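Peer 1: Quick one: the structure is below, questions incoming.
Numbering (the UniProt record's numbering), first residue to last: 1 to 326.
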């Protein structure tokens with residue numbers, strides 16, 4: 001008898017792609033699926049009606065009477081899951097056909113692995129694939145926790161994101177579920193780190209997760225202050241979570257390398273969005289202040305300080321005048 005997989009779809013206010021997310025679960029050939037759809041946006045009967053229309057099997061529907069923050073909502077879904085395995089699927093993302101079958105087979109064939117991750121395809125608003133894990137060298141089939149963390153930290157592969165993967169429900173609960181970072185930024189990364197640091201993960205290229213990115217999607221719509229707070233919380237998490245503290249005591253050198261790799265992901269993510277996304281959104285003075293929002297990370301400030309300096313009108317004008325003379 002096949003192990004049950006809980007696929008949990010948290011819904012807030014955006015309903016544009018919910019039907020596609022639900023249909024992608026309905027199209028799975030895996031025989032034992034528990035679908036939980038949770039309305040956290042006070043949408044009346046709209047979400048329930050979408051599930052009834054697009055999902056032909058039994059399902060679980062839950063609705064919060066008032067909205068809760070995103071991380072408590074994720075953890076509500078983890079608490080509600082009755083499946084052996086757990087998959088979180090955002091309300092604008094999709095699972096390609098065969099995803100669950102391939103992922104369960106991959107994880108069950110490597111019993112020491114903590115989770116299975118898949119190929120990721122990035123979709124735009126018109127359902128076009130605009131990027132993929134396959135754009136870079138593919139990861140090995142099995143990676144020790146510290147190995148994938150180093151590969152991720154040094155951008156050796158195009159993992160894209162870890163929002164949706166497959167892990168054992170009991171393991172996710174045992175490490176405390178999703179950590180409560182501001183706005184949910186980075187919580188999927190942090191959870192996978194804790195889950196796998198002293199184990200391994202499986203990369204399943206036969207399974208495809210379709211992650212949608214557009215101007216109002218979660219990653220692009222988050223404010224700079226929220227991302228800064230979450231980045232600081234993630235940095236603190238690396239020193240505070242009991243699983244990571246225990247690993248650091250047992251493997252101090254290996255943990256130092258992993259911590260540096262994760263720190264690099266945190267600051268490069270913040271720097272890239274601060275430099276490009278927020279430069280045009282924020283008032284200039286607020287943008288400058290946001291440049292100092294991270295604690296002292298030498299590599300970050302070696303990049304951010306020149307950016308701030310040359311953004312000053314007088315300095316920027318002088319630099320532009322000198323460039324043609326070189």
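Virtual Cβ for every residue (Gly too), placed ideally from N, Cα, C.
From a predicted model like this one, the values you see are computed outputs, not experimental measurements.
(1) Going by C-alpha to C-alpha distance, which of 119, 207 and 292 sits closest to residue 29?
(2) Tell me residue 39's beta-bridge partners as DSSP assigns them.
(3) Taking 8 Å as the cut-off, does the CB of residue 91 come closer than this to any heavy atom belonging to the ligand HEM?
(4) Residue 308 by DSSP, collapsed to three states: which one?
(5) To the nearest angstrom, report how far apart residue 147 and residue 112 are at their CA atoms.
(6) By Cβ distance below 8 Å, which residues in the same chain neighbour residue 98 in space, the five residues on each side in sequence not counted?
(7) Determine, using beta carbons only, whether residue 334 and residue 67 come nearer to each other than 9 Å.
(8) In terms of DSSP beta bridges, what is residue 279 paired with?
(9) In the DSSP assignment, the alpha helix (DSSP H) including residue 205 goes from what residue to what residue?
(10) Assuming residue 160 is part of the alpha helix (DSSP H), what are its boundary residues?
(11) Can you tell which of 251, 129, 137 and 264 has the C-alpha that lies nearest to the C-alpha of residue 189?
(12) Suppose you measure from the CA of residue 86 to the CA of residue 5; what does that come to, to the nearest Å?
(13) Quick check on this structure: which residue in 260, 130 and 286 has the alpha carbon closest to the alpha carbon of residue 300?
(14) Buried or exposed for residue 76, going by 16 or more other Cβ atoms inside 10 Å?
(15) I'd like to check one pair, residue 183 with residue 256: are the Cβ atoms closer than 9 Å?
(16) What's the call for residue 212, buried or exposed, on a 16-neighbour Cβ count within 10 Å?
(17) Can you tell me whether residue 16 is buried or exposed, with buried defined as 16 or more other CB within 10 angstroms of its CB?
(18) Below 8 Å on the Cβ atoms is my guess for residue 202 versus residue 110; work out the distance and round it to an integer in Å.
(19) Determine the burial state of residue 130: buried for a count of at least 16 other Cβ atoms within 10 Å of its Cβ, exposed for fewer.
(20) For residue 92, which residues in the same chain have their Cβ closer than 6 Å to its Cβ, ignoring the five residues on either side in sequence?
(21) From what residue to what residue does the beta strand (DSSP E) around residue 166 run?
(22) Thinking C-alpha only, which one of 179, 186 and 200 is nearest residue 150?
(23) Do you know whose CA, among 96, 95, 100 and 71, lies nearest residue 83's CA?
(24) If you draw a straight line from the alpha carbon of residue 127 to that of residue 14, how long is it in whole angstroms?
(25) What is the DSSP secondary structure of residue 47, counted as helix, strand or coil?
(26) Do residue 35 and residue 25 come within 9 Å of each other at the CB atom, strictly closer than that value?
(27) What is the rounded straight-line gap between the Cα of residue 195 and the Cα of residue 116?
(28) Can you give the Cα-Cα distance for residue 137 and residue 122, rounded to whole angstroms?
(29) Pairing CB atoms from the segment 292-311 with CB atoms from the segment 228-248, are three or more of them under 8 Å?
(30) What did DSSP end up calling residue 107 once you bin it into helix, strand or coil?
(31) Answer yes or no: do residue 71 and residue 51 have a C-beta to C-beta separation smaller than 9 Å?
(32) With a threshold of 6 Å on Cβ separation, who are the neighbours of residue 2 within its own chain once the five nearest residues in sequence on each side are excluded?
(33) If you drop the 5 nearest sequence neighbours on each side, which residues of the same chain put their C-beta closer than 6 Å to that of residue 306?
Peer 2: Looking at the coordinates:
(1) 207
(2) 11 and 63
(3) Of ligands this structure carries none, so the ligand HEM is not represented either.
(4) helix
(5) 15 Å
(6) 28, 29, 206 and 207
(7) There is no way to answer for residue 334, as the model of the chain reaches only from 1 to 326.
(8) Answer is none; residue 279 lacks a bridge partner.
(9) Here residue 205 belongs to no alpha helix (DSSP H); instead the beta strand (DSSP E) covers 200-212.
(10) Neither: residue 160 is in no alpha helix (DSSP H) and is coded neither H nor E.
(11) 264
(12) 6 Å
(13) 260
(14) buried
(15) no
(16) buried
(17) exposed
(18) 5 Å
(19) exposed
(20) 17 and 212
(21) 166-168
(22) 200
(23) 100
(24) 16 Å
(25) helix
(26) yes
(27) 11 Å
(28) 16 Å
(29) yes
(30) helix
(31) no
(32) 31 and 32
(33) none
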